[in-house]
Amino acid sequence: MNRAWEGPLTEQEARDLHRRLLLDDPTAPTDLVEVYLDRLTDWLVAQNPRIDPAVCSTAAEDALLAVIKNPASYNPERQRLEVYLRMSAQGDLRNLLRAEQRHSRRRAEWEAVELSPVVGKYIWDEGGDPALIIERREDEPDEPSVAPLPDSVRAGLTPQEQRVLELMERRERKTAVFAEVLGLTHLPPDEQRQMVKRVKDRLIKRRERAGGRHD
Amino acid sequence: MTRRIAAFARRVEADPFFLASALSDYAHSEELDEQGLALALGCSLDTLSQLRLCRRPHPDPASFRADIDRIAARFAVRATVLAEAVRRADALAGLRHTATDGRGLLMAARDRGAEEPPSPTGEGEA
């Protein structure tokens, strides 16, 4: 197969390329990369506009490496090669972001030890976790997750609770933002997280009693 | 050849699965830069990136020959230089393995001399 790769492969060409990988053709990895690396990276970047394109690029490379080294992992009877590569690359992207998350968390913990007075700035923000952003985007419907509360219920909330509710309605997820509103920034990160969760749970219960949906 | 493909080809230089690793070892041993390596193989820099992404030829003689021929024919590079590059890299990898395998060759010789001094009577030589 010496064709110059300029566009997507036909299904038969993709099957032939996969077969060459299975047969250990030493030039097959080059062809696979030439056909799919740019397409896969561009697709990942478009699907994940908030993620660093360099990380998307690495994830696309990882997905190709996996098929090159273990071509039997792909079954052409189940799906097209490009679809398989996209799923694999999306999974690799999630893994890369989780690894980065663990690294960031460890770094924050070290900074918390060394710089305890300002640790609030470095509290790990679960809502900002890119891996979670991807999962949420895949799982969530487009409609807002928090229905507005009836005015009668809203009127019974403290100003702080009202502000928290507004943030929830805007789908804010950063613990640090809620902690600021609730005046909890002097507390250790774990306590902040617990207190914020308590307030949010209370508001969710009120909303349920008032007939609003939540997910 | 896109920038991403060239970057990926460089990334796999550390991976012995790919021909990139062998070409890198060969270039270092010959003190060749990228241009020099491409010149030795008789190809362009773009083709060099394509070569790097090939699977490294199998070491057993029959497969080795077939793999080299296939790669050389596909990318129109000098088969003899390609074969020499891979063989050299295999040899260097073998030496590295020996050197990092607990004790290097020289260390092994020195240890044996220290632990087992020759018998004054000339008996017990290994």
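Chains as they are written, first to last, in numbering that gives the first Met the number 0: chain A, 0 to 214; chain B, 0 to 125.
Beta carbons are placed, not taken as given, at the ideal position from N, Cα and C, and that holds for glycine.
Inset, instruction - Can you tell me the Cβ-Cβ gap for E33(A) and R79(A), rounded? I've got them flagged as a contact below 8 Å. - result: E33(A) to R79(A), Cβ: 18 Å. No contact.
Inset, instruction - Would you mind reading off the limits of the alpha helix (DSSP H) that contains G35(B)? - result: 33 to 40
Inset, instruction - Use the C-beta contact count for P158(A): other C-beta atoms within 10 angstroms, 16 or more gives buried, fewer gives exposed. - result: exposed
Inset, instruction - Name, in chain order, the residues that DSSP records as bridge partners for F17(B). - result: R54(B)
Inset, instruction - Answer yes or no: does any C-beta atom of chain A fall closer than 8 Å to that of D66(B)? - result: yes
Inset, instruction - Use the C-beta contact count for R51(B): other C-beta atoms within 10 angstroms, 16 or more gives buried, fewer gives exposed. - result: buried
Inset, instruction - Determine the chain B residues that contact P37(A) at a beta-carbon separation under 7 Å, and present them in chain order. - result: Before going on, a small fix: residue 37(A) reads as Asp here, not Pro. Within chain B, the residues near D37(A) are T1, R3.
Inset, instruction - Drop a sphere of 10 angstroms on the beta-carbon of Q193(A), count the other beta-carbons inside from all chains shown, and report buried for 16 or more, exposed for fewer. - result: exposed
Inset, instruction - Count the other C-beta atoms from every protein chain shown that fall within 10 angstroms of the C-beta of H17(A), then say buried if there are 16 or more, exposed otherwise. - result: buried
Legend entry - Partner residues on chain B for K204(A), Cβ-Cβ distance less than 7 Å: By Cβ distance, chain B contributes nothing, its closest Cβ being about 50 Å from K204(A), past 7 Å.
Legend entry - Cβ neighbours of R9(B) in the same chain (closer than 6 Å, five flanking residues each side left out): none
Legend entry - Continuous alpha helix (DSSP H) stretch holding P60(B): start and end: 60 to 74
Inset, instruction - Run the CB neighbour count on E60(A), radius 10 Å, all protein chains shown included, and call it buried at 16 or more, exposed below. - result: buried
Inset, instruction - Check each candidate in V176(A), E160(A), Q191(A) and name the one with the smallest Cα separation from R206(A). - result: E160(A)
Legend entry - Proximity below 8 Å, CB of T1(B) to CB of D37(A): yes
Legend entry - Range covered by the alpha helix (DSSP H) that runs through T57(A): 52 to 68
Legend entry - 8 Å Cβ cutoff met for S23(B) and E30(B): no
Inset, instruction - Consult DSSP for G182(A) and reduce its assignment to one of helix, strand or coil. - result: coil
Inset, instruction - Go through its chain and collect everything with a Cβ distance to C53(B)'s Cβ below 6 Å, but skip five positions before and after it. - result: L18, I70
Legend entry - V44(A) at chain B interface by Cβ criterion, 8 Å: no
Legend entry - Continuous alpha helix (DSSP H) stretch holding P48(A): start and end: Per DSSP, P48(A) belongs to no alpha helix (DSSP H) and is neither H nor E.
Inset, instruction - Pull up the distance between the alpha-carbon of R19(A) and that of R49(A), whole angstroms please. - result: 36 Å
Inset, instruction - Put D141(A) into one of helix, strand or coil per three-state DSSP. - result: For D141(A), the pLDDT reaches just 45, beneath the cut-off of 50, and the residue's location in the model is therefore unreliable, although a value from the coordinates is still provided. Coil.
Legend entry - Candidates E76(A), L202(A), Q100(A), P25(A), of which the one nearest P58(B) by Cα: P25(A)
Legend entry - 7 Å Cβ cut-off: residues of chain A touching L52(B): P28, T29, V32
Inset, instruction - Please list the partners that S215(A) has in chain B, where partner means a Cβ-to-Cβ separation under 9 Å. - result: The question about residue 215(A) has no answer, for chain A in this structure spans 0 to 214.
Legend entry - Minimum Cβ-Cβ distance from L16(B) to chain A less than 8 Å: Here residue 16(B) turns out to be Phe, not Leu, going by the sequence shown. Yes, contact with chain A.
Legend entry - Buried or exposed by the 16-neighbour rule on C-beta atoms within 10 Å, applied to P188(A): buried
Legend entry - Outcome for M86(A) when other beta-carbon atoms lying within 10 angstroms are tallied against a minimum of 16: exposed
Legend entry - Residues of its chain near T40(A), where Cβ-Cβ distance is below 7 Å and the 5 sequence neighbours each way are ignored: C55, S56, A59
Inset, instruction - Please name the residue, chosen from K68(A), L63(A), V198(A), that lies closest to Y83(A) on a Cα-to-Cα basis. - result: L63(A)
Legend entry - V195(A) to R208(A) span [Cα, whole Å]: 20 Å
Legend entry - Cβ pair A82(B), S20(B) closer than 8 Å: no
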